[in-house]
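See structure below.
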Amino acid sequence: MASLNKSELQRYSRHLLLPEVGIEGQERLKKARILVIGAGGLGSPTILYLAAAGVGTIGIVDFDQVDLSNLQRQIIYTNDDVSSSKVERAAARATSLNPEIQLQRHDVRLSSENALEIFSGYDIIVDGTDNFSTRYLVNDACVFSKKPNVYGAIYRFEGQASVFAHKDGPCYRCLFPDPPPPDAVPNCAEGGVLGVMAGIIGCIQATEALKIILGIGNSLSGKLLIYDSLAMNFDSVAIPKNPNCPICGTNPSIQKLEDITVTCESQQAPTTVSISATELERELKSGHKLLLLDVRTPQEVAISRIADSTHIELAELPNRLSELNSDADIVAYCKSGVRSNKAVQLLLEHGFKKARNLEGGITSWAKEIDPSLNVY
Amino acid sequence: MLVHIPSPLRSYTKNQSEIQVDGDSVQGLLANMDKSYPGIRFRMIDEQDGIREHIKLYVDRKQIETLNMKLNGTETIHIICALSGG
Ligand SMILES: [Zn+2]
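Order-wise, the sequence lines are chains A and B. At position 164 of the first sequence (counting the first as 1) the number is 164 in the working numbering, and the numbers step up by one without a gap. Residues are numbered in the working numbering as their position in the second sequence, beginning at 1, plus a constant of 1000.
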């Protein structure tokens, strides 16, 4: 057993006083190895609390840099960390909180190539990712390596948490066998999230991970915890183990780890004719008559807009096509070009003569043409 | 009865996270929901009357097997949507 030194005994005294933890439990925590996937909203509180609790080895997987728009919820970072490596800054912050523990930096994008190898060095995996592709990859790698997947997800004012692939319990695919089609479910970058949601759900994930190490209480395995912050309700529903689960069922169709692509740039959406920001500016300057169609939400329009645009949110477009001249030369835009691609498809299907998609959306326009625009 | 609405569908319910809806079966409940909040049913149920893959329906915290399930009006309904944010 990893024995505790004098300063550790003092540092963890409030744990040691708990009959459920004690010196033996704290030594278990010291021996434990937990991998946190994603050092973002969920990862921030999870890493901080696991570090404070004295989990001996914490691995962090992230390939991203800290962005100013992260600080609204990713509380492990400070303003000075903007543009620095997340793994680097998160590990440094955790070490400064508790120098007794080891931080392992995995500054890579998790993939089917590296997941099993990275997971092999840990006992428990915490899923704090922000996209379906990585969530399914984490689940599948946990099932194959027989390691519990401490799951959390958030959106707007809602959060979910569970423990998957723990002992004989269900996995994430028992609940949702396959990823949703692209755009069926928006992510936080599109729909927003109350920053505190990350704190609440991330702390629940940290609690579940600690309970599993300590072997105390009942885990969320077999249950999905739902947090509705508007009604201020915590509730949970049963997740039965699914005998038809494609990976942990009786006749699994998934035999080896594969990458799952659920990006917005999915091949499923046929690409339409696009125009770059610089070309668009040239056409506008030459006096060419264009109809600029902004298909973003009103909240996005309030942050920034390209002058002289017509605004019809994508969701409303099917019912409001009659407001547009079908002979006009239309250039549709959104934040990054995905929703406007759908808008262009819709227009062309409904007999519009000329519709193009602004490549990279207003984000590219702000970068290349008009840096005075607010980005988000 | 009380129906819990997941965030991605709250654009249909004027951002309410809980609504009251009647129905003597799950099918009837969904039809009534669609009357009050047009379009919401199609986000959960496909053209073949199947529950969409990223949606799960729960009656009294148990996953339902069929839309024909009878309700007596005292149940609590949860609609769960796969979320990806982190
Ligand atoms: Zn499964």
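Glycine is no exception: its CB is placed at the ideal position from the N, C-alpha and C atoms.
Residue of A:Q65, A:I60, A:L29 and A:K31 minimising C-alpha distance to A:D127
A:I60
Pairwise C-alpha distance: A:S340 and A:C264
Only weak support is given to the placement of A:C264: the predicted model assigns it a pLDDT of 49, under 50, and the question is left unresolved by the model.
I'd like to know if the region 101-119 of chain A and the region 217-231 of chain A are in contact, where contact means that at least 3 CB-CB pairs between them fall below 8 Å.
no
Reference A:P180, options B:E1065, B:I1055, B:N1032 and B:Q1048, closest by Cα:
B:I1055
Residues near A:S276 by beta carbon distance below 7 Å, same chain, minus five either side
E359
Output, in chain order, the set of chain A residues within a Cβ distance shorter than 8 Å of B:K1062.
V237 and A238
Any Cβ of chain B within less than 8 Å of the Cβ of A:L230?
yes
Looking at B:L1002: is its Cβ nearer than 8 Å to the Cβ of B:V1026?
no
Would you say A:Q205 lies against chain D (beta-carbon separation less than 8 Å)?
The displayed structure is made up of protein chains A and B, and chain D is not among them.
Name the one or two DSSP bridge partners that A:I234 has.
Here residue 234 of chain A turns out to be Phe, not Ile, going by the sequence shown. The partner list for A:F234 (beta bridge, DSSP) reads A:Y227.
Which partner residues does A:A161 have in the DSSP bridge list?
A:G152 and A:L225
What residues of chain A sit near B:L1067, judged by a beta carbon separation below 9 Å?
Neighbours of B:L1067 on chain A: none; closest Cβ ~18 Å, over 9 Å.
Under a CB-based cut-off of 8 Å, is B:P1008 close to chain A?
yes
Give the interface partners of A:Y155 over in chain B, defined as CB-CB distance under 9 Å, in chain order.
Those are P1006, S1007, P1008, C1081, L1083, S1084 and G1085, listed as they occur along chain B.
DSSP has B:K1070 in a bridge; who is on the other side?
Answer by DSSP bridge pairing, in chain order: B:S1025.
Is A:N242 near ligand 1, judged by its Cβ being under 7 Å from some heavy atom?
yes
Excluding sequence positions up to five away, which residues of its chain have a Cβ less than 6 Å from the Cβ of A:R109?
F63
Suppose you measure from the CA of A:I204 to the CA of A:G38; what does that come to, to the nearest Å?
If I take the Cα positions, the gap works out to 16 Å.
Report the CB separation of A:S44 from A:Q74 in whole angstroms; it is logged as a contact under 8 Å.
5 Å
Just the Cα atoms here: how many angstroms apart are A:T310 and A:G215?
Those two C-alpha atoms are separated by around 59 Å.
By Cβ distance, which residues of its chain are closer than 6 Å to A:I254, with the 5 residues on each side in sequence left out?
P246 and I247
With a threshold of 8 Å, are at least 3 pairs of Cβ atoms found where one atom belongs to the region 110-121 of chain A and the other to the region 130-150 of chain A?
yes
Please confirm if A:A366 has its CB atom under 8 Å from at least one CB of chain B.
no
Helix, strand or coil: which one does DSSP assign to B:Y1058?
strand
Cβ neighbours of B:L1029 in the same chain (closer than 6 Å, five flanking residues each side left out)
V1021 and G1023
Can you check the region 35-88 of chain A for any alpha helix (DSSP H) of at least 4 residues that lies completely inside it and give the ranges in chain order?
Complete alpha helix (DSSP H) runs here, min 4: 43-53.
To the nearest whole angstrom, what separates the beta carbons of A:N357 and A:T297, a pair I think is in contact under 8 Å?
Actually they are not in contact, since the Cβ atoms of A:N357 and A:T297 sit about 18 Å apart, beyond 8 Å.
Using DSSP with H/G/I as helix, E/B as strand and the rest coil, what is B:T1076?
Assignment of B:T1076 by DSSP, reduced to helix, strand and coil, places it in the strand class.
Contact defined as beta carbons within less than 8 Å: I believe A:V163 pairs with A:S219. What is the distance between those atoms, to the nearest angstrom?
Yes, A:V163 and A:S219 are in contact; Cβ-Cβ is about 5 Å, under 8 Å.
Assign B:Q1048 to one of two classes, buried (16 or more other C-beta atoms within 10 Å of its C-beta) or exposed (fewer than that).
exposed
Indicate, with yes or no, if ligand 1 has a heavy atom lying under 7 Å from the CB of A:R173.
yes
Residues that A:V36 contacts on chain B, provided the C-beta gap is smaller than 7 Å:
Close to A:V36, with beta-carbon spacing below 7 Å, lies no residue of chain B; the smallest spacing is near 11 Å.
Simplified DSSP state of A:D329, which is helix, strand or coil:
strand
In whole angstroms, give me the CA-to-CA distance for A:G249 and A:K367.
48 Å
Taking C-beta pairs closer than 7 Å, name the residues in chain B that A:A184 reaches, listed in chain order.
H1054
Under the three-state reduction of DSSP, which class applies to B:Q1063: helix, strand or coil?
strand
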